[in-house]
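Going down the list, the protein sequences come from chains Z and Y. For what it's worth, the numbering used here labels the leading residue of the first sequence as 1, then goes sequentially. For what it's worth, the numbering used here labels the leading residue of the second sequence as 114, then goes sequentially. Backbone N, C-alpha and C define an ideal beta-carbon position, used for all residues, glycine too. All of these numbers come straight from a predicted model, not from anything done at the bench.
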Amino acid sequence: EAQVTQNPRYLITVTGKKLTVTCSQNMNHEYMSWYRQDPGLGLRQIYYSMNVEVTDKGDVPEGYKVSRKEKRNFPLILESPSPNQTSLYFCASRGEARTAEAFFGQGTRLTVV
Amino acid sequence: SQQGEEDPQALSIQEGENATMNCSYKTSINNLQWYRQNSGRGLVHLILIRSNEREKHSGRLRVTLDTSKKSSSLLITASRAADTASYFCATEGGSNYKLTFGKGTLLTVNP
Numbered sequence: 001e002a003q004v005t006q007n008p009r010y011l012i013t014v015t016g017k018k019l020t021v022t023c024s025q026n027m028n029h030e031y032m033s034w035y036r037q038d039p040g041l042g043l044r045q046i047y048y049s050m051n052v053e054v055t056d057k058g059d060v061p062e063g064y065k066v067s068r069k070e071k072r073n074f075p076l077i078l079e080s081p082s083p084n085q086t087s088l089y090f091c092a093s094r095g096e097a098r099t100a101e102a103f104f105g106q107g108t109r110l111t112v113v
Numbered sequence: 114s115q116q117g118e119e120d121p122q123a124l125s126i127q128e129g130e131n132a133t134m135n136c137s138y139k140t141s142i143n144n145l146q147w148y149r150q151n152s153g154r155g156l157v158h159l160i161l162i163r164s165n166e167r168e169k170h171s172g173r174l175r176v177t178l179d180t181s182k183k184s185s186s187l188l189i190t191a192s193r194a195a196d197t198a199s200y201f202c203a204t205e206g207g208s209n210y211k212l213t214f215g216k217g218t219l220l221t222v223n224p
């Protein structure tokens with residue numbers, strides 16, 4: 001089954017404790033991205049990657065890092081999480097970038113206290 | 114920056130009625146897509162319309178695109194309680210192929 005898998009689904013952590021949210025897709029897609037969703041603000045892109053070893057900032061990259069060492073994986077790293085990074089995070093992948101639909105993971109609800 | 118803006122923000126209808134949601138955007142696009150999100154879950158792609166298309170159908174969904182007005186509409190016919198969800202438009206354009214989402218319309222279909 002074609003899917004994007006995120007882990008964990010839920011995470012509560014403390015300010016400053018480094019964490020990684022994993023994302024994996026099994027569709028051989030080149031384009032992957034991370035979004036955060038906040039009430040009243042919709043979905044905003046954090047980072048995206050057009051292929052292995054090619055990543056770039058989205059609209060709200062501050063406080064986040066990503067890596068793309070393999071085509072299937074695109075982890076989101078929060079080196080020093082802060083309460084304003086409490087949000088619902090989604091990973092998405094797309095095939096032929098210009099015309100393709102996006103496949104979304106089920107989301108990671110992160111709370112930073 | 115937000116590209117698409119959906120209207121209305123919330124819509125409540127009875128089962129069997131049609132639901133229409135609108136999306137406006139600001140810059141030129143390659144395509145416009147509609148997604149559905151059940152509460153707190155991942156978005157699911159519904160339909161994509163390219164900039165050179167004016168109308169597209171998929172089952173009970175009808176999407177129109179007016180590039181001169183920079184607007185799109187999503188019509189769901191004969192709505193069902195299971196259609197209750199948030200609906201987002203997303204525009205794709207520019208050199209980085211980014212999908213930019215609006216804030217969504219919350220549709221409630223009452224049985």
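> Of the residues that make up the stretch 47-64 of chain Z, which ones have a beta carbon closer than 9 Å to any beta carbon in chain Y?
Replying inline: So the list reads Tyr48, Met50, Asp56, Gly58, Asp59, given in the order they occur along the chain.
> Of the residues that make up the stretch 186-208 of chain Y, which ones have a beta carbon closer than 9 Å to any beta carbon in chain Z?
Replying inline: Correct list: Phe201, Ala203, Glu205.
>> Can you pull out the residues from the stretch 164-178 of chain Y whose beta carbon lies closer than 8 Å to at least one beta carbon of chain Z?
In response: Cβ contacts with chain Z come from no residue of the stretch 164-178 of chain Y.
> When DSSP labels each residue in this structure, what does Asn51/Z get in the three-state scheme?
Replying inline: Strand at Asn51/Z.
>> Helix, strand or coil for Asp59/Z? Go by DSSP, reduced to three states.
In response: If DSSP states are grouped into helix, strand and coil, Asp59/Z belongs with coil.
> Along chain Y, in chain order, which residues have C-beta atoms closer than 7 Å to that of Glu101/Z?
Replying inline: What Glu101/Z touches in chain Y, judged by beta-carbon distance under 7 Å, is Gln146, His158, Leu161, going in chain order.
> Of all the CB atoms in chain Z, is at least one closer than 8 Å to the CB of Leu220/Y?
Replying inline: No, because no Cβ of chain Z sits closer than 8 Å to the Cβ of Leu220/Y.
> Residue range of the beta strand (DSSP E) that Met32/Z falls in?
Replying inline: It spans 31-38 - the beta strand (DSSP E) in which Met32/Z sits, taken as one unbroken run.
>> With a threshold of 8 Å between beta carbons, is Ala182/Y in contact with chain Z?
In response: Correcting the residue type first, residue 182/Y is Lys in the shown sequence and not Ala. No, because no Cβ of chain Z sits closer than 8 Å to the Cβ of Lys182/Y.
> My guess is that Val4/Z and Trp34/Z are in contact by the Cβ rule of under 8 Å, so how many angstroms apart are they, rounded?
Replying inline: At roughly 11 Å, the Cβ-Cβ gap does not stay under 8 Å, so Val4/Z and Trp34/Z are not in contact.
> Given a limit of 9 Å on CB to CB distance, which residues of the stretch 67-85 of chain Z reach chain Y?
Replying inline: Across the stretch 67-85 of chain Z, no CB contact with chain Y closer than 9 Å is found for any residue.
> Who are the neighbours of Tyr31/Z on chain Y, taking C-beta pairs under 8 Å?
Replying inline: For Tyr31/Z, the neighbours in chain Y by C-beta distance under 8 Å run, in chain order, Tyr210.
> Roughly how many angstroms separate the alpha carbons of Gln127/Y and Asn135/Y, rounded to a whole number?
Replying inline: In this model, Gln127/Y and Asn135/Y are separated by some 19 Å (Cα to Cα).
> If you draw a straight line from the C-alpha of Tyr64/Z to the C-alpha of Gly107/Z, how long is it?
Replying inline: Going by the C-alpha atoms only, they are around 17 Å apart.
> Does Arg154/Y get closer than 8 Å to chain Z when you measure Cβ to Cβ?
Replying inline: So yes, Arg154/Y belongs to the interface.
> How long is the line joining the alpha carbons of Lys216/Y and Asn144/Y, rounded to whole angstroms?
Replying inline: If you take the alpha carbons of Lys216/Y and Asn144/Y, they lie about 18 Å apart.
> Is it buried or exposed for Leu212/Y, if we count other Cβ within 10 angstroms and need 16 for buried?
Replying inline: Its Cβ being crowded by 16 or more others within 10 Å, Leu212/Y is buried.
> Using a beta-carbon distance below 8 Å, is Gly16/Z in contact with chain Y?
Replying inline: For Gly16/Z, the nearest beta carbon of chain Y is not closer than 8 Å to its own beta carbon.
> Where do the N-terminal and C-terminal ends of the beta strand (DSSP E) with Ser137/Y fall, by residue?
Replying inline: Judged by DSSP secondary structure, Ser137/Y falls within the beta strand (DSSP E) whose first and last residues are 132-137.
> Quick one: which chain Z residues come within Cβ less than 8 Å of Lys216/Y?
Replying inline: Neighbours of Lys216/Y on chain Z, chain order: Gly40, Leu41, Gly42.
>> Is it the case that the stretch 73-92 of chain Z contacts the stretch 159-168 of chain Y, given that we only count it when at least three CB pairs across the two stretches are under 8 Å?
In response: The stretch 159-168 of chain Y, when compared against the stretch 73-92 of chain Z, does not touch it at the 8 Å Cβ threshold.
> What's the gap between the Cα of Gly207/Y and the Cα of Ile142/Y?
Replying inline: So the two alpha carbons sit approximately 7 Å from each other.
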